[in-house]
Each structure stands twice: as C-alpha cells, then as structure tokens.
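Counting from 1, position 475 in the sequence shown corresponds to residue 484 in my numbering; the numbering is continuous, with no gaps.
From the three backbone atoms N, C-alpha and C, an ideal C-beta is built for every residue, glycine too.
What you are looking at is a predicted structure, and each value in this text was computed from that prediction instead of being measured.
Accompanying notes for the structure given below.
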Amino acid sequence: MTFRDTLLERLQARDKAANSFHDIIVTNNRLLQQTIELEKKNKAIESAKNDGSNTETAGSTQRVAELDRRIRELNEERAEMYKTQSENAQRLVNLNEQLRTREEKDLKQTEEIKQLSDSVKKLSTKCDLQTQQLREKDVTIQILQDELAALQLEMVTTEDKISILRKENEQLLERWINKMNEEAEKMNEATQFYETALEQAKLDADRQKLKQSKKRDASSSVDLAKSIPFSNIVLPKKSTKRISVHDAEIHCIAASSTGTMFATGGADKKIKLFDAKTGNITHTLSGALQTITSVQFNSTDELVLGSCTDNATRIWSLATHRLKHTLTGHIGKVYAAKFTMDSNRVISGSHDRTLKVWDLQKGYNTRTIFTFSSCNDVCLMDPDGQTVISGHLDNNIRLWDARTGVGIKELTGIHSGQITSVSMSPDGTTLLTNSRDNTLKTVDVRMYDIVRSFQAETFRNGLNWSRSTFSPDGKYVAAGSADGSLHIWNAKTGKLERAIEDHSSVICGVSWNPNGDFLYTAEKNKVVCMWDTSTVARSSSGK
10 MTFRDTLLER LQARDKAANS FHDIIVTNNR LLQQTIELEK KNKAIESAKN
60 DGSNTETAGS TQRVAELDRR IRELNEERAE MYKTQSENAQ RLVNLNEQLR
110 TREEKDLKQT EEIKQLSDSV KKLSTKCDLQ TQQLREKDVT IQILQDELAA
160 LQLEMVTTED KISILRKENE QLLERWINKM NEEAEKMNEA TQFYETALEQ
210 AKLDADRQKL KQSKKRDASS SVDLAKSIPF SNIVLPKKST KRISVHDAEI
260 HCIAASSTGT MFATGGADKK IKLFDAKTGN ITHTLSGALQ TITSVQFNST
310 DELVLGSCTD NATRIWSLAT HRLKHTLTGH IGKVYAAKFT MDSNRVISGS
360 HDRTLKVWDL QKGYNTRTIF TFSSCNDVCL MDPDGQTVIS GHLDNNIRLW
410 DARTGVGIKE LTGIHSGQIT SVSMSPDGTT LLTNSRDNTL KTVDVRMYDI
460 VRSFQAETFR NGLNWSRSTF SPDGKYVAAG SADGSLHIWN AKTGKLERAI
510 EDHSSVICGV SWNPNGDFLY TAEKNKVVCM WDTSTVARSS SGK
C-alpha cells in the first residue's frame with residue numbers, strides 16, 4: 010500500500026466520522042430559521058398588540074399566550090441545540106487534532122520506512138558481494154588444495170629420487186674409496202724410489218728456513234723500533250688549533266693509521282680529510298645519502314670507510330678520492346664499521362641488531378651475526394678480525410667468532426648504561442669501554458675482569474655514539490664530556506690527569522694520532538680541536 014492510498018483511506022474515515030453530525034447540523038439550522046421567523050412574528054404581534062390593545066378579544070389573548078409558550082419552548086430547544094452544537098464542534102476540533110497528529114506520525118513512519126528500505130538494499134548488495142567473495146575464496150581454497158596435493162605427490166616422487174641417488178652415491182663413494190686405495194698403494198711404491206731425494210730436499214728446506222728466520226728476526230726488530238716512535242707523551246693544557254669546516258653537526262673523528270691525516274664525518278653527508286700536523290683541509294669525500302656515523306682508515310691509508318644512517322657503509326679510495334664500494338644489506342642505521350689488517354674485509358654493526366662481515370674482493374656480505382641488541386660500536390680484538398667485540402644498547406659487551414658467527418662471551422654488569430664505544434689497547438690485551446652511565450672502564454680480554462674504572466664529577470657522556478681512545482703508548486685514556494670538556498685519565502692508576510674546557514658543546518669523538526704527537530677532538534657543533542701532545546714540540550717551545 011502506497012502513501013497516497015493510506016492518506017485517501019484516512020480522509021474517507023474522517024469524512025465518515027464527520028457525516029454523523031450532518032443531520033444534527035441541518036436540524037439545528039432549520040430550528041434556527043424557525044426561531045428567526047417566530048421572532049419576527051412575535052415582534053409583529055407585539056406591535057399589533059400595542060397598536061390595537063383596545064380591540065383585542067379574549068381569543069387573541071389566548072393565542073398570544075400560546076405563542077409565548079411556543080416561543081419559550083423554541084428558545085429552550087434552541088439553547089439545547091447550541092449546547093449540542095458546541096459539544097459537537099469541540100469533538101470535531103479534537104478529532105481534527107488527532108487526525109493531524111496521526112498524519113504527522115504517518116509521515117515520520119513513511120520516512121523511516123524509506124530509510125530502512127534503503128538500508129535493506131545496501132545490506133542486500135553487501136551480502137551479495139560477500140557471498141561472491143566467499144565463492145571466490147572457496148574456489149581459491151580448492152585450487153590451493155589441488156596444488157598442495159600435487160606438491161605432496163611431487164615431494165614423494167622427489168624423496169624416491171633422493172633415495173635412489175643416495176644409493177648411487179654410496180656405490181660411487183665405495184668405488185672411489187677402492188680407487189683411492191689402489192692409487193695409494195701405487196704412491197707408496199713410488200715413494201720408496203724418492204725417499205733419498207726427499208731427505209735431501211728436506212735438508213735444503215731447513216737451511217732455507219733458517220736463513221728466512223734470521224731475516225724475520227731482523228725485520229721484527231726494525232718493526233718494533235718503528236712501532237714505538239715516541240718516548241713519552243706530554244698532556245696538553247689547551248688546544249693549539251680550532252677548525253670549523255662542516256656545514257652541519259659533526260658525528261665522528263678518526264686519525265689515519267700512518268698518522269699523516271685525520272678525518273671527520275657528520276650530518277652534512279661528507280667526510281673531510283685534514284693534514285695531521287697543520288689541520289688544513291685536503292679533500293672532501295661525498296657520496297653518502299645521510300649522516301656519517303663513524304670513519305676509519307685502513308692499515309695503509311689507501312682507503313677510508315664511513316658508516317651511515319642510510320643503512321649502508323661506504324668505502325672511498327684515497328688515491329682517486331672517489332667512492333669505491335657501497336656495502337648495503339643492513340635494515341637499520343649503521344653506527345660503526347672497521348677494516349681488518351689486510352683490508353680485505355670490513356665488519357659493520359647496526360641498530361638492526363646484527364653484525365655483518367663483508368668481503369671487499371667479492372663485494373658482498375659473507376656472514377651475518379645476530380647480536381640480540383642494537384649495536385653502537387665495534388672493534389677487532391685481533392688484527393685479522395677473527396674475534397669481534399661489540400658494544401650494545403642493552404648495556405652489554407659481546408665477543409664473537411667472525412669465522413663461525415658464534416658468540417664467544419657476553420660481558421654483563423660492566424656498565425649500567427648503554428655502551429657508546431669499544432676500543433683495544435695498543436698491546437691488544439685490554440678493552441676500553443665508554444658508557445652513558447658516565448664511566449669508562451678497562452677490561453682484561455683474557456680473563457674478562459674489570460681492570461680499572463674512570464670517572465669524574467665533571468664528566469658526563471652526552472651521546473650514544475661518544476667515542477673514547479687509548480693514547481698510542483697505552484698510558485692514558487681520553488674521552489669528551491657533554492659540557493665540552495676533554496678528560497684524560499692515567500690508564501694505570503685511574504687518576505684524572507686533565508679536564509680541559511675548550512669546546513662549547515658536547516664532544517662526540519676523541520682520536521689520538523698513532524705517532525703520539527697530536528690528539529684530535531670533535532664537538533657536535535661543527536668544531537674540531539687539535540691538541541699538541543709531542544715532547545719534541547714542548548722541548549722546542551721551551552727553548
């Protein structure tokens with residue numbers, strides 16, 4: 010039934026209810042008309058009565074009385090009709106009000122019905138769509154089940170083939186062993202003919218080894234002399250030079266292996282190379298996509314690497330000053346990387362909780378070591394990089410076998426804050442650590458015992474990548490504080506020897522020239538300071 014049909018039905022019902030008052034209204038109108046006529050007659054009679062009162066007879070008087078009575082009755086009847094008419098009018102008003110209320114209610118219900126119908130249509134459409142999707146999924150499941158059955162059948166067939174191949178391999182292995190035994194017997198027979206010649210060759214080889222041993226002894230004596238190019242280090246009292254060349258914050262600094270230069274890296278995505286003695290900038294290396302987090306030279310100063318927050322480690326050639334390798338594979342920021350002594354491999358540590366070993370000859374990652382915590386710094390316990398030490402966000406230090414990827418030792422409880430740097434002493438027996446708990450510590454890597462703890466009231470480690478260092482003679486350890494002061498401790502006694510305020514902001518890295526004549530520090534606010542620590546320069550200035 011439509012809205013129009015409903016409205017028509019309601020109007021007809023209203024008319025039916027109203028028609029019941031039609032006769033009453035008609036009768037009332039008729040009585041009113043009679044009353045008006047009788048009033049007119051009454052007025053005429055009264056007028057005639059006044060005019061001819063003297064001529065009235067007894068019959069006319071009686072007629073007038075009858076008319077008066079009739080008038081009173083009609084007036085009473087009229088009053089009763091007025092009352093009935095008023096009640097009917099009130100009932101009509103009430104019925105009209107009820108009708109209006111019901112019409113408004115019908116309109117609202119009609120609108121609600123329309124909205125519900127639209128909602129039903131939408132839900133029906135959605136239901137149809139979901140039914141279709143369910144059918145498609147059923148088809149997909151059936152296809153996957155068929156593929157699974159086919160793969161299971163293929164797996165059974167493959168297992169049968171493997172069984173056959175295993176048997177064939179055993180047969181071939183048995184034949185090969187028999188063949189090798191036969192060849193071994195032949196070789197044994199041939200060996201008897203060459204025993205005399207081999208004994209003679211052995212004697213010659215022994216003589217040659219003796220000569221080479223003498224040469225190595227002489228060479229090692231020379232190397233030992235070269236490895237100690239200084240007799241003593243004099244601690245500085247102030248910086249000798251301040252350098253500001255970066256366009257953004259500095260994050261790292263490192264002296265070269267030969268002591269001829271040093272490098273810095275930072276948020277401007279560049280590595281700056283400086284002359285180790287004059288502090289003059291020599292080259293700028295570009296190619297990184299984000300912040301340089303650490304730099305290191307290889308043992309011959311032919312290469313320099315930079316780890317980056319773009320999840321990669323890059324290696325530049327110092328002969329061409331161009332990018333030579335880009336080592337990608339980490340999925341987190343790389344905060345540290347180190348060359349091995351032969352420069353054939355690089356070990357990198359990342360916040361993706363892995364260490365990676367890179368073969369530079371092959372150009373790709375050869376091993377990934379899962380460290381269980383984000384790595385802030387790495388160092389090599391031995392020059393060949395067979396044992397790697399890593400410092401982590403969880404306050405722990407871990408030692409790894411780089412060949413197998415197996416953990417050797419986990420040092421817990423050394424620090425109560427995250428480790429920001431790890432570095433080995435010049436003699437390779439002691440590990441220096443720096444931590445956000447505002448202490449430095451040396452650890453015996455043979456016994457895994459804490460040797461010494463270094464701290465000061467003025468020292469606060471201000472960065473998660475703040476690097477510390479040993480002096481080249483191993484007598485001192487140095488680190489930078491959050492207030493820009495350089496702190497130097499005696500490595501043997503733990504006594505604070507120097508606390509020099511020459512930087513204006515947090516120091517992010519400290520590096521000692523391997524020749525012992527200069528100490529380099531970098532603050533985050535783009536400034537590098539050079540500190541003269543050579544006895545030669547002090548004696549010359551004294552003269």
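If you pair each beta-carbon of the region 317-331 with each one of the region 371-380, do three or more pairs fall below 8 Å?
-> no
Cutoff 8 Å; reference Leu395; Cβ partners in own chain excluding five residues on either side | Position 386 of the sequence shown, counting from 1, holds the residue named residue 395. In the sequence as displayed, the identity of residue 395 is Gln instead of Leu. Hits under 8 Å: Asp410, Ala411, Arg412.
Give the C-beta separation of Ala346 and Gln305 to the nearest angstrom, bearing in mind that I take them to be a contact with Cβ-Cβ under 8 Å.
-> By one-based count along the sequence shown, residue 346 stands at place 337. By one-based count along the sequence shown, residue 305 stands at place 296. Confirmed, about 7 Å.
Expressed to the nearest angstrom, what Euclidean distance is found between the alpha-carbon atoms of Gly315 and Val343?
-> Along the sequence shown, one-based indexing puts residue 315 at 306. Along the sequence shown, one-based indexing puts residue 343 at 334. Taking the straight line joining both Cα atoms gives about 9 Å.
Less than 9 Å separating the beta-carbons of Ile428 and Asn405?
-> Walking along the sequence shown from the start, residue 428 turns up at place 419. Walking along the sequence shown from the start, residue 405 turns up at place 396. Yes, these two residues count as a Cβ contact at 9 Å.
Backbone secondary structure at Ala18 - three-state DSSP = Sequence index remark: in the sequence shown, residue 18 carries index 9 (1-based). Here the sequence assigns Glu to residue 18, which means Ala is not the residue at that position. Three-state DSSP puts Glu18 in a helix.
Flag this pair as touching only if the region 429-436 and the region 478-497 have three or more C-beta atom pairs under 8 Å; answer yes or no.
-> yes
Would you list the one or two residues that DSSP bridges to Gly275?
-> One-based indexing of the sequence shown puts residue 275 at position 266. Paired residue(s): Ile259.
Report the option in Ser383, Thr377, Val366, Leu402 whose CA atom is closest to the CA atom of Leu389.
-> Against the sequence shown, residue 389 aligns to sequence position 380. Here the closest residue by C-alpha is Val366.
At what residues does the beta strand (DSSP E) containing Gly417 begin and finish?
-> Your numbering for residue 417 matches position 408 in the sequence shown. The residue you asked about is not Gly; residue 417 is Ile in the sequence shown. That run of the beta strand (DSSP E) goes 416-420.
C-alpha gap between Glu48 and Phe12, whole angstroms | Counting from 1 along the sequence shown, the entry for residue 48 is found at position 39. Counting from 1 along the sequence shown, the entry for residue 12 is found at position 3. Rounded to the nearest angstrom, the two C-alpha atoms are 53 Å apart.
What is the residue span of the beta strand (DSSP E) that Gln561 lies within?
-> The structure shown does not extend to residue 561, since the chain spans only 10 to 552, so no value can be given for it.
Asp127, DSSP secondary structure in three states = Here residue 127 refers to the residue found at position 118 of the sequence shown. In the structure shown, the three-state DSSP call for Asp127 is helix.
Continuous beta strand (DSSP E) stretch holding Thr442: start and end | Counting from one through the sequence shown, the residue named residue 442 turns up at place 433. Where Thr442 is concerned, the enclosing beta strand (DSSP E) stretches over 439-444.
Cβ-Cβ distance between Leu312 and Phe283 below 9 Å | Residue 312 sits at position 303 when you count from the first residue of the sequence shown. Residue 283 sits at position 274 when you count from the first residue of the sequence shown. In this structure, Phe283 does not lie closer than 9 Å to Leu312 by Cβ.
Within the chosen definition, does the region 465-485 reach the region 243-262 through at least 3 CB pairs nearer than 8 Å?
-> Taking a contact to require three or more Cβ pairs closer than 8 Å, the region 465-485 and the region 243-262 qualify as touching.
Exposure of Lys450, with buried meaning 16 or more beta-carbon neighbours within 10 Å = For this step, residue 450 is matched to residue 441 along the sequence shown. By the neighbour-count rule (16 or more Cβ atoms within 10 Å), Lys450 is buried.
Considering only the beta carbon of each residue, do Thr439 and Val415 sit closer than 9 Å?
-> Within the sequence shown, the letter at position 430 stands for residue 439. Within the sequence shown, the letter at position 406 stands for residue 415. It is not a contact, given that the beta carbons lie outside the stated cut-off.
Buried versus exposed, by CB contacts within 10 Å (16 or more), Ser229 = Counted from its first residue, the sequence shown places residue 229 at position 220. Reliability of the predicted coordinates at Ser229 is poor, the pLDDT of 43 falling under 50, and no value is obtained from them.
Residue range of the unbroken beta strand (DSSP E) whose run includes Val536 | Sequence index remark: in the sequence shown, residue 536 carries index 527 (1-based). Neither: Val536 is in no beta strand (DSSP E) and is coded neither H nor E.
With burial defined as no fewer than 16 other Cβ atoms inside 10 Å of the residue's Cβ, what is the status of Lys535: buried or exposed?
-> Against the sequence shown, residue 535 aligns to sequence position 526. Under this definition Lys535 is a buried residue.
DSSP beta-bridge partners of Val486 = The residue you call residue 486 lines up with position 477 of the sequence shown. In the DSSP output, where bridge partners are listed per residue, Val486 has Phe479, Trp498.
Given a threshold of 16 other Cβ atoms within 10 Å of its Cβ, counted over all protein chains shown, does Arg184 qualify as buried or as exposed?
-> Along the sequence shown, read from residue 1 onward, the residue named residue 184 stands at position 175. It is exposed - the Cβ of Arg184 has fewer than 16 other Cβ atoms within 10 Å.
When DSSP builds the beta bridges, which residues end up paired with Ser316?
-> Here residue 316 refers to the residue found at position 307 of the sequence shown. Paired residues: Ser303, Thr322.
May I have the straight-line CA-CA distance separating Ser236 from Leu174, to the nearest angstrom?
-> Residue numbering aside, residue 236 sits at position 227 when the sequence shown is read from its first letter. Residue numbering aside, residue 174 sits at position 165 when the sequence shown is read from its first letter. Note that Ser236 scores a pLDDT of 46, beneath 50, so its modelled location is shaky; the value from the coordinates is reported in the next line. C-alpha separation (whole angstroms): 59 Å.
Which partner residues of Ala508 appear in the DSSP bridge assignment?
-> Taking the first residue of the sequence shown as position 1, residue 508 is located at position 499. According to DSSP, which records beta bridges pairwise, Ala508 is partnered with His496.
Comparing alpha-carbon positions, which option in Gln142, Thr542, Thr140, Lys533 lies nearest Asp256?
-> The residue given as residue 256 occupies position 247 in the sequence shown. Checked all of Gln142, Thr542, Thr140, Lys533; the closest Cα to Asp256 is Lys533.
Report all residues from its chain with a CB closer than 6 Å to the CB of Ala276; omit the five preceding and five following residues, and keep chain order.
-> Locating residue 276 in the sequence shown gives position 267, counting from the first residue. Cβ within range, chain order: Ala257, Glu258, Thr300.
Run the CB neighbour count on Tyr91, radius 10 Å, all protein chains shown included, and call it buried at 16 or more, exposed below.
-> Stepping through the sequence shown from its first residue, residue 91 is reached at position 82. So Tyr91 ends up on the exposed side.
Can you give the Cα-Cα distance for Asp391 and Thr166, rounded to whole angstroms?
-> Within the sequence shown, numbered from 1, the residue matching residue 391 stands at position 382. Within the sequence shown, numbered from 1, the residue matching residue 166 stands at position 157. About 51 Å.
Asp526 and Gly268: beta carbons closer than 9 Å?
-> Residue numbering aside, residue 526 sits at position 517 when the sequence shown is read from its first letter. Residue numbering aside, residue 268 sits at position 259 when the sequence shown is read from its first letter. In this structure, Asp526 places its C-beta atom within 9 Å of the C-beta atom of Gly268.
Straight-line CA distance for Lys176 to Asp169?
-> For the purposes of this step, residue 176 is taken as residue 167 along the sequence shown, with counting starting at 1. For the purposes of this step, residue 169 is taken as residue 160 along the sequence shown, with counting starting at 1. Going by the C-alpha atoms only, they are around 11 Å apart.
Does DSSP put Arg461 in a helix, in a strand, or in coil?
-> Against the sequence shown, residue 461 aligns to sequence position 452. Strand.
Which value, in whole angstroms, describes the spacing of the CA atoms of Lys188 and Ser172?
-> Stepping through the sequence shown from its first residue, residue 188 is reached at position 179. Stepping through the sequence shown from its first residue, residue 172 is reached at position 163. The C-alpha of Ser172 is placed about 24 Å away from the C-alpha of Lys188.
Based on the DSSP secondary-structure assignment, which residues constitute the bridge partners of Arg376?
-> Residue numbering aside, residue 376 sits at position 367 when the sequence shown is read from its first letter. In DSSP, Arg376 forms a bridge with Val366.
Environment of Leu528 [buried if 16+ CB atoms lie within 10 Å] | Counting from 1 along the sequence shown, the entry for residue 528 is found at position 519. So Leu528 counts as buried.
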